[in-house]
Amino acid sequence: MTTSATLGEIVAALGGELDGDAARRIERIGALAEADAATLSFVAQPRYAALLASTAAGGVIVSPALRAQVGAGTATITTADPYLYFARLTQWWAARRDPPEPPGIHASAVVEPGAVVDAQARVGALAYVGRGARIAAGVVIGAQAHVGRDAVVGEGSRIAARAYIGERCRLGARCVVQPGAVIGGDGFGFAPDRDAQGRWVKIEQLGAVLVGDDVEIGANTCIDRGALGDTVIAEGAKLDNLIQVAHNVRIGAHTAIAGCVGIAGSATIGAHCLIGGAAMIAGHLEIADHVRISGGTLVSHSIKRPGHYTAVFPLDDNAAWEKNAATLRQLHRLRERVRELEKKTAG
Amino acid sequence: MTTSATLGEIVAALGGELDGDAARRIERIGALAEADAATLSFVAQPRYAALLASTAAGGVIVSPALRAQVGAGTATITTADPYLYFARLTQWWAARRDPPEPPGIHASAVVEPGAVVDAQARVGALAYVGRGARIAAGVVIGAQAHVGRDAVVGEGSRIAARAYIGERCRLGARCVVQPGAVIGGDGFGFAPDRDAQGRWVKIEQLGAVLVGDDVEIGANTCIDRGALGDTVIAEGAKLDNLIQVAHNVRIGAHTAIAGCVGIAGSATIGAHCLIGGAAMIAGHLEIADHVRISGGTLVSHSIKRPGHYTAVFPLDDNAAWEKNAATLRQLHRLRERVRELEKKTAG
Amino acid sequence: MTTSATLGEIVAALGGELDGDAARRIERIGALAEADAATLSFVAQPRYAALLASTAAGGVIVSPALRAQVGAGTATITTADPYLYFARLTQWWAARRDPPEPPGIHASAVVEPGAVVDAQARVGALAYVGRGARIAAGVVIGAQAHVGRDAVVGEGSRIAARAYIGERCRLGARCVVQPGAVIGGDGFGFAPDRDAQGRWVKIEQLGAVLVGDDVEIGANTCIDRGALGDTVIAEGAKLDNLIQVAHNVRIGAHTAIAGCVGIAGSATIGAHCLIGGAAMIAGHLEIADHVRISGGTLVSHSIKRPGHYTAVFPLDDNAAWEKNAATLRQLHRLRERVRELEKKTAG
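Chains as they are written, first to last, in our numbering: chain A, 3 to 349; chain B, 3 to 349; chain C, 3 to 349.
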């Protein structure tokens, strides 16, 4: 399935100032280095500006500052923020290429009595909607997806094929949930029974998951329901794939979290944070707004001030690593030896 | 869906000594700090005892030692282990709020010929049960879940929606499997074909997964089938979400494993261990009973004695980390310099 | 479900030189230490050779060099590469034990109009195949699996139950996709809207995932579709469970990646690499062919030469770790103190 559009159509839909032939036909959006005459490209970072003079792209989206550097054969769309324009272009392009399926409930879907599915929503093949669930207008429930009892999916949200929304969980408007995501599995809670040799007794997780508007949740990411209250993902937060969000975590608005991150129970993460891939955040701590955590970093205590935080062992070839790692295990003793030397030489 | 109960009903069901109005109606279980007159709360740790005098909770579950500190307006349920009582209360409350669905096989489920589903089991909408599978009494197979050929699910186990139990895998009684879990994917085994430039030849995984009684397996957690023998999860073990358990691993009884942990092939983990989130355990090693591993720790060799083990780079702000990390790459040389200084000053 | 075979049948099918009774019946393949007279075992590594004289195995697969060490009661199959022979034996054994299901489309599957399913392919119960998808001969689509619109699955590939192949993604021949894998979720791409207080605007992911021949993809592993071009997994690559492959990553031929690895966007990994479990690879970097990365290692910059690379904090008991970790946070200062000492003692 492919699509195409003229530069004129694009600017009519998305704005920007066109300098070039409005009838030029664009067949793909692509990187500057690999562009041809049917490609519309963009430059978001000044370091790619050098490519502008020589690109074969049919058109390029640029900021006013870079416009003069574009070669003669390439049309320009000038806009204050080319990257943002590009994002909107991908949305427009995707909708043009893949027009939305019509609303309705597929004959093979199971919608339990008492579920309310808006006439303008779509429920895909082999999907399941539990009793009491409410599916708003414009929602798309993908094939084989699951919306549990009394769950709520807000207007215009897209639940991909094979995603899972557990009972009583509530999603806001315009959310995107990727395939395999599990929203509302049980939190991990057990009490030890000391009279029974350390057997664990399950603490039923009575809360749910509350997801704000405009949240994206990645493939196979898990967000557990709260033990008593709810686990909360605030509006605009973006979660990548294979992330674990434990019970009663709170994630602030517009925070973006990369893949493979784990967040332990009752951690509170601020708004506008950036959490790098595979970072791990311990439970019962707080991270302030506007904190950036490097990938692979384990956060073991609260972070109260905005800033950039890291905890990663530096990469080395294995032989050098072995020597340094062995020494690291003696590091405290090494400091004591330095202290002794300082005493000795002080006299 | 909500529920409520009087304090008298609770004590009649779960025991404990009630001091207060048995007719008082409880509408929720909740934390002490946010409690109101319809809330039943609990104090499991002495550090929260200070809240007892001033709480607005209608009732509180306490140990005998703390009972005297509870304010006059709050009823008490006194019990030796308040946290354990709380766990049992959540179970009682959940069963009251969400009565079990009646047994039976949903019309949209596919149960292959030769599968044996007990009349007291429930198979949900769009679920699949393969031929030769055996589903015991009291089992709930959730919507869209999968039980493969010749698999066995023991009495009273709950297989959540969209969980996967592969062919020939066997689960004990009262297990809980969360959504998206994969029990019995193939182990990762390949032999290099040196005559074919390092192509890999798949080793079919002929074993299965054997899960004991009272095991919980988290959302999107994967437990691979054994290569020849079985992968074994002993009774009472509790696994959180997004855990990887490779082929032929053995996990001991009542061991609890937090989210995002990875356990490589043929590792043997003892009983009553606690494995912190995102810990990684190398293959072909043994961990003794009663070992505690900190979150984020990579275990690269066997641990033969009970204890608490850690391997985590300490968190710092990025600028400080950069300096220390750069120095760490010279650590072995630093030790040599200290040694030279010691020689020099010894004379 | 069990099977058995005589040594003669095995050698007739797989080659090798048999020394012993061709009529001896083998009922299982197993490890040397636990073998009995109905077990066929193998020795791939010389360090297990000591077990050969005393094993109770009915037969053993050995290299010519070890053949003489096998005890008298044990038959031998001699072959140049016993481990490779074992791999092929498991394939032969599995096919004998579990003969393939007949081709055809299960009555409960949903195959959209415009999908092309070869007459020699099998589509399991409750599976979904989107319009325009093409399923080649010999393919098995497991129960409840999903093949999206315009996706392509090449000859002889096995898509396990509950796996997901997204729209327009293309798999080669003889691929194996384990349960819960998500191929073709959206890449994680957002542009900040500075005029809207840091809200994120989704970049629709217009590319797909291109998977070569003979690739294996593990349970609950995620491979995101490309933003503009495709994410590419080259032929013969093997990916274990719970791996995250971000958009526009390229993984070279015959590279093997263990569980829990994360690979960030636009990273390029060479051919014949070995990536250990839970390694994390940052985005926009390159790793050369024949590189080995230790488990748990974070790769933060390109690796241009073959070799073995590591970045792991060494394991210790918690008390020792605490001392060393505290000192590590002062490491840069420690180096300065050594430098001062060196100056002092130089005079």
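Positions of the beta carbon are idealized from the N, C-alpha and C atoms, including for glycine.
Interface partners of residue i on chain A, CB under 9 Å
i: C/Y311; result: L317, D318, D319, N320, W323
Residue i at chain D interface by Cβ criterion, 8 Å
i: A/Q146; result: Here the protein chains are A, B and C, and chain D is not one of them.
DSSP-derived helix/strand/coil call for residue i
i: C/A321; result: helix
i: B/K204; result: strand
i: C/I245; result: coil
i: B/L42; result: strand
i: A/D197; result: helix
i: B/H148; result: strand
i: A/V263; result: coil
i: A/A280; result: coil
i: C/F88; result: helix
i: A/A327; result: helix
i: B/V108; result: Looking at the sequence itself, residue 108 of chain B is His, so the reference to Val does not match. Of the three classes helix, strand and coil, the one that applies to B/H108 here is coil, per DSSP.
i: A/L128; result: coil
i: B/T80; result: strand
i: A/A310; result: Looking at the sequence provided, one finds His at residue 310 of chain A rather than Ala. Note: A/H310 maps to strand in three-state DSSP.
i: A/V184; result: strand
i: A/E288; result: strand
i: C/T57; result: coil
i: A/R339; result: helix
i: A/T270; result: strand
Where residue i meets chain A, residues with beta-carbon distance less than 8 Å
i: B/G238; result: R201, W202
i: B/T347; result: L343, K346, T347
i: C/D226; result: A221, N243
Integer-rounded CB distance, given that residue j should sit under 8 Å from residue i
i: B/A344; j: A/R339; result: For the record, residue 344 of chain B in the displayed sequence is Glu; it is not Ala. Sure, about 7 Å apart at Cβ, within 8 Å.
i: B/R331; j: A/D318; result: 6 Å
i: C/I161; j: C/V142; result: 7 Å
i: C/G168; j: B/G182; result: About 17 Å separates the two Cβ atoms, so there is no contact after all.
Rounded separation between residue i and residue j - CA only
i: B/G150; j: A/R27; result: 52 Å
i: C/V293; j: B/V203; result: 20 Å
i: B/L91; j: A/V154; result: 27 Å
i: B/I219; j: A/D226; result: 13 Å
i: B/Y130; j: B/V234; result: 24 Å
i: B/A198; j: C/I63; result: 21 Å
i: A/D291; j: A/G272; result: 4 Å
i: C/D120; j: C/I137; result: 6 Å
i: A/A327; j: C/T57; result: 41 Å
i: B/L34; j: B/A258; result: 27 Å
i: B/G158; j: B/R30; result: 27 Å
i: B/L333; j: A/T329; result: 7 Å
Partner residues on chain C for residue i, Cβ-Cβ distance less than 7 Å
i: B/V112; result: S110, A127, L128
i: A/Y85; result: A193
Proximal chain C residues relative to residue i, where beta-carbon distance stays under 8 Å
i: A/Q246; result: Going along chain C, no residue has its Cβ under 8 Å from A/Q246, so there is no contact; the nearest lies around 11 Å.
i: B/A255; result: Result: empty, since nearest Cβ-Cβ is about 22 Å, beyond 8 Å.
i: B/A258; result: Those within 8 Å of B/A258 in chain C number zero; the least Cβ separation is about 18 Å.
Under 8 Å between C-beta atoms of residue i and residue j
i: B/L9; j: B/A77; result: yes
i: C/I283; j: C/A269; result: yes
i: A/G132; j: A/A163; result: no
i: B/V255; j: B/A239; result: Per the sequence shown, the amino acid found at residue 255 of chain B is Ala instead of Val. A contact, by the Cβ cut-off of 8 Å.
i: C/G189; j: C/H249; result: yes
i: A/P84; j: A/F44; result: yes
i: B/G1; j: B/A210; result: Residue 1 of chain B is absent from the model: chain B starts at 3 and stops at 349.
i: A/N320; j: C/S296; result: yes
i: B/A123; j: B/G140; result: yes
i: C/L86; j: B/D195; result: yes
i: A/R69; j: A/T80; result: yes
i: B/V175; j: B/D232; result: The sequence given here has Ala at residue 175 of chain B, not Val. The answer is no: Cβ separation not under 8 Å.
Listed by chain order, chain B residues near residue i by CB distance under 9 Å
i: A/C275; result: Near A/C275 there are no residues of chain B at all, since even the closest Cβ is about 14 Å away, more than 9 Å.
8 Å Cβ cut-off: residues of chain B touching residue i
i: C/H334; result: A322, K325, N326, A328, T329
i: A/E36; result: By Cβ distance, chain B contributes nothing, its closest Cβ being about 30 Å from A/E36, past 8 Å.
i: C/I31; result: L208, L230
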